[in-house]
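Only one structure is covered here, and it is reproduced in the block below.
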Amino acid sequence: MQSTADEISSLLHAWCGGDRTALDKLMPLVYEELHRLAHSYMRQERGNQTLQTTALVNEAFLRLVKAREIEWKDRNHFYAISANLMRRILVDLARSRGYQKRGGKVKRISLNTFSTIPIDRDPDLIRIDEALDALAGFDSRKAKVVELRFFGGLSVRETAEVLEVSTSTVDRDWEIARTWLYRELKNRN
Numbered sequence: 002m003q004s005t006a007d008e009i010s011s012l013l014h015a016w017c018g019g020d021r022t023a024l025d026k027l028m029p030l031v032y033e034e035l036h037r038l039a040h041s042y043m044r045q046e047r048g049n050q051t052l053q054t055t056a057l058v059n060e061a062f063l064r065l066v067k068a069r070e071i072e073w074k075d076r077n078h079f080y081a082i083s084a085n086l087m088r089r090i091l092v093d094l095a096r097s098r099g100y101q102k103r104g105g106k107v108k109r110i111s112l113n114t115f116s117t118i119p120i121d122r123d124p125d126l127i128r129i130d131e132a133l134d135a136l137a138g139f140d141s142r143k144a145k146v147v148e149l150r151f152f153g154g155l156s157v158r159e160t161a162e163v164l165e166v167s168t169s170t171v172d173r174d175w176e177i178a179r180t181w182l183y184r185e186l187k188n189r190n
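The sequence shown begins at 2 in my numbering and counts up one residue at a time.
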């Protein structure tokens, strides 16, 4: 049965209100979408993946369940927070491996999965995260567009819904952000 955005939003509000049965009903409705988002990101990873898509979804969901202080606005808010959480989990995993400190072999991912901008060398996850944080420092919406599209695997339409802007705004922000990130990552070499 296909769940509606209203049903998910309603369950999120009930769960925030302390209704434990709402979480039980919500879980199967959002799990498939979270898995799709995680899979979208994980298929960009190469080589020896130590974190599987299902493990990423489970870890994100466990953290979401523990985050009692979040006042869920709606389904879009839930998926935006989920994308951010998946980003944090993956970056934390990369940092815990000590790649940056020890100069070990860094797992490379490509920003040009959705891009036509030629990138000579694929930037690593930690550098993308740092550059994205820098972008957020002066333009949080563009950073959120990248986070939702790149880390969350959302389409332009889905991103527009989450951010409550037009698809043309998302397209424009996406192009500007990618160009800025490309320059930023190139300058950090």
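Even for Gly, the Cβ is constructed at its ideal location relative to N, Cα and C.
Burial state of residue i (16 or more Cβ within 10 Å)
| i | result |
| --- | --- |
| Lys67 | exposed |
| Phe139 | exposed |
| Glu159 | buried |
| Lys143 | buried |
| Ala6 | exposed |
| Ile90 | buried |
| Gly19 | exposed |
Assigned secondary structure, residue i (DSSP; H/G/I helix, E/B strand, else coil)
| i | result |
| --- | --- |
| Asp140 | coil |
| Asp134 | helix |
| Asp125 | strand |
| Glu159 | helix |
| Arg37 | helix |
| Arg21 | helix |
| Arg88 | helix |
| Arg189 | coil |
| Val270 | Beyond the ends of the chain as shown, which are 2 and 190, falls residue 270; an answer cannot be given. |
Same chain, Cβ closer than 8 Å to residue i, five either side skipped, listed in chain order
| i | result |
| --- | --- |
| Tyr32 | Val58 and Phe62 |
Bridge partner(s) assigned by DSSP for residue i
| i | result |
| --- | --- |
| Asp7 | For Asp7, which the question treats as bridged, DSSP gives no partner whatsoever. |
Contact set for residue i: own chain, Cβ-Cβ below 7 Å, skip 5 residues either direction
| i | result |
| --- | --- |
| Glu185 | Ala132 and Ala135 |
Nonlocal neighbours in the same chain, by C-beta distance under 6 Å from residue i, ignoring five residues either side
| i | result |
| --- | --- |
| Ser10 | Asp75 and Arg76 |
Contact belief for residue i with residue j at Cβ below 8 Å, rounded distance in angstroms
| i | j | result |
| --- | --- | --- |
| Tyr80 | Glu34 | 7 Å |
| Val92 | Asp125 | Not confirmed; about 10 Å, so no contact. |
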